[in-house]
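Let me begin by presenting the structure, written as structure tokens, before commenting on it.
In structure tokens, the structure reads:
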């Protein structure tokens, strides 16, 4: 069941961090703005995607949230010529808006408009981007939006978003990816309008921009747009170098304690590859078999939900997954050079928490140790070749994936999927699972009302007792014997009260 | 006129199937510009085909006009949604595993959603697999078969679904608002159902079998196919696979809601620190695509609460008392609610924001909205709708919502034509009729440690 409600754009922020890809470009003066074009003369729409290397990795220490706040001051604030209300009023008749998403590596400013309105829309977008007003009142409003995202949406509104975001904080602790793009409660208090102005000048430059244009735009439009955007500071090409991928040692648990009726579980670890690596594609097949997002065919889903009725859903990922409301497929324009593997076990009743953790871990271990059969491999490979065709059904998303492809160093992600999968063997897939999906070490985040007793349960590591209200298949009960006794062997267990999460 | 697809030639290929006539529908000025073919099989199943340029992809939807609204028996709230889960549990011909395997082989996306008035099943996948889709989908709609054990296991997934939403304050607020606003009508409960009813679900196996027989019948269902397909193929396959489905729909007898005569209020405490929230709701007439009053309510949502409204400018942008302001006429088959949701930045500001909302409504009741602004809002509605029609599933989704509400895709265009007729005087008249204190229900929520002012009652959430 779903009944998506309209959410303020800022609520989307920080659910998603940003950017990925090929090796860093050398820091040189830009020759011109890079652009990806996807013309379609029959389309009545035009989509613009302006992706800046201006994600949260560029937040200065202690000023976490600055990239996101600067983005908001461009997309949801007034300009030098008009107030924010007047900007909304001007966009309103064309039903257009200036979209914003700030992730770890990039900030995306985007919009789709009917081609009849392209000139008017472009003028407004340029006005917002090139001549921001930076009004004190907009600054206050946008800062409070970010704060409300942390306190109301993450801490008090959705245990699931809370867990997904907190897991990244844990996996990338001490790394530039290690804080939410929305910042922390304390860092937001420290941000000033001068910080925003300085960040804007430094990061929103021609050199940091990858421009994407798709749809029924007229000839010469992209050149005109590039010419106008040349008013941005030149800046430099090249992304900030990242430190080596973090190392996770042992099995570390963070139990987030808050008043809640159920228990949400996430675990994961850094992955040394991204889409640009040849091993990514066999690993993609292995992961799809284990837990393709929001489908019913993954092992996690069929075993935990289908056979055992433990919860609503169970999935796994080999890259960061952005969850805008209502989407089942991967979302483009959140590229990252460094990625992580993760398992998402949706909320379970407290009595099942330890068992559900073990059941998830069991499936990962089984895939890692035993691999998949040739039949399962073939079915999953065929699935992905077809299923991936659903991921970019609009020009707008196709454009986004093309921009991602450029950053990951390939002509087209979807062509690459098809090409690689068609010649792939089960051995390659199983080798990739063995190489990359070893759950011997991981970070886990558990959102629970009973952190102290759950910590004791984890420490004792005694067999779980799983009771079913219904009769389940004998094969399930047989597997349960192994799952119930699976040794988790936690290395470290921290309890963090909810008011300390995203605090500092 | 946006997204005009010139498929007029296809009308030459007109053929009638079974008892129904296929009628291509699309006229100049239509906001939903796609040529739409509708036909009805002898057993009452409507078949709607919308060819669309989505190379190799088809969106295959089944719209069942049954939802939480049909849950008239006490203790069975949430059952329509639970039953939606059971529809994935297999048949003699295609077991759950076989079904899942077929979906996987196709590389399709298969899921379903349940609301108050409808349950919508969707399958998005390769158009070359249309016959397979027809085969497996028609099979489960006619021959669903599951045992009691599978039923009980699946009921726990529903509990999990409730739990995943329960960490949001909006869930208990919605629950309380409906419970308070409705005395008789089944809109009293949310789609997911009351927690106590969800916990009792494992015991209702026999009831579930009856549910299938009563509601999953061709007269109550529309097959909607959008994308890279030919209308003749869709209709011929539909006849082949769904033609043998037996009639037998038994509509639920849904009690009418008596008129509300006094304002109702409740306050909920929330265990975690959270900005205070209010939902203010007024009973409204049932949705009708041709009713000016019904259309006026949608426009009022924009006039008073939209981003360009004086109220939004005042509360969100200038005074910055609130960070969430939303007005929603949420169309339903039976009389429902116009709901305003507001989140204030501190406990003392919530009653002030509520007063400002009341004042904005009072202003609308006294002075007609500026005619030019109303026209801008209508233009915005059309563009916003058209911009959303960008893929086969997006088009199918909008068509499915309309089918569920009105029974026909054509009412989408009727609805937009009705918007055009709405005048400032209509807006004022409807505002006066709907937004009265005796017709209003208010639910507020705040952190337990804080004291919300201006709210009464003391209901606690579960």
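Protein chains in written order, with my numbering: chain U, 1 to 504; chain H, 1 to 462. Where a beta carbon is used, it is the ideal one built from N, C-alpha and C, also for glycine. Here the structure is a predicted model, which is why all the values come from computation and not from measurement.
Query	Result
Residue range of the unbroken alpha helix (DSSP H) whose run includes residue 424/H	424-434
Proximity test, Cβ basis, 8 Å: residue 490/U and chain H	no
From 473/U, 134/U, 265/U and 85/U, residue whose alpha carbon lies closest to that of residue 314/H	85/U
Neighbour-count burial assignment, residue 182/U, 16 or more Cβ in a 10 Å radius	buried
Cutoff 8 Å: residue 445/U Cβ touching any chain H Cβ	no
Assigned secondary structure, residue 317/U (DSSP; H/G/I helix, E/B strand, else coil)	strand
Within-8 Å CB hit, residue 497/U to chain H	no
Below-8 Å beta-carbon distance, residue 347/U vs any chain H residue	yes
Residues that DSSP places opposite residue 111/U in a beta bridge	48/U
Rounded C-alpha distance that separates residue 412/U from residue 327/U	21 Å
Status (buried if at least 16 other CB within 10 Å, exposed otherwise) for residue 76/U	buried
Rounded separation between residue 410/U and residue 90/U - CA only	39 Å
Outcome for residue 464/H when other beta-carbon atoms lying within 10 angstroms are tallied against a minimum of 16	Residue 464/H is absent from the structure shown; chain H starts at 1 and stops at 462.
Under the three-state DSSP convention, the category residue 21/U falls into	With a pLDDT of 30 at residue 21/U, under the threshold of 50, the modelled position of this residue cannot be trusted; read the value that follows with caution. It is coil, neither helix nor strand.
Under 8 Å between C-beta atoms of residue 47/U and residue 395/U	yes
For residue 333/U and residue 404/U, believed in contact at Cβ under 8 Å, the rounded distance	7 Å
Residue-chain proximity (residue 269/H, chain U), Cβ-Cβ < 8 Å	no
CB contact below 8 Å: residue 377/U versus chain H	no
Cβ of residue 308/H within 8 Å of any chain U Cβ	yes
Simplified DSSP assignment, three categories, for residue 221/H	strand
Buried versus exposed, by CB contacts within 10 Å (16 or more), residue 253/H	exposed
Counted within 10 angstroms of its Cβ, other Cβ atoms place residue 143/H as buried (16 or more) or exposed	exposed
8 Å Cβ cutoff, residue 145/U in contact with chain H	yes
Short Cβ contact (8 Å threshold) for residue 245/H with residue 448/H	no
9 Å Cβ cut-off: residues of chain U touching residue 320/H	137, 140, 141 and 144
Cα-Cα separation between residue 266/U and residue 155/H, rounded to whole angstroms	23 Å
Pairwise C-alpha distance: residue 371/H and residue 345/U	52 Å
Secondary structure, alpha helix (DSSP H): runs of 4+ residues fully inside the segment 118-198 of chain H	130-143, 148-165 and 170-181
Test item: CB-CB of residue 433/U and residue 230/U under 8 Å	no
Start and end residues, alpha helix (DSSP H) containing residue 281/H	Unbroken run through residue 281/H is the beta strand (DSSP E), 277-283; no alpha helix (DSSP H).
Identity of the residue in 162/H, 381/H and 174/H nearest residue 295/H by Cα	381/H
Cβ contact (3+ pairs, closer than 8 Å) linking the segment 249-260 of chain U and the segment 159-175 of chain U	yes
8 Å Cβ shell around residue 243/H - same chain, five flanking residues per side excluded	18, 41, 42 and 43
Counterpart residues of residue 265/U in DSSP-defined beta bridges	345/U and 446/U
Min CB distance residue 380/H to chain U below 8 Å	yes
DSSP three-state assignment for residue 510/U, whether helix, strand or coil	The structure shown does not extend to residue 510/U, since chain U is modelled only from 1 to 504, so the question has no answer here.
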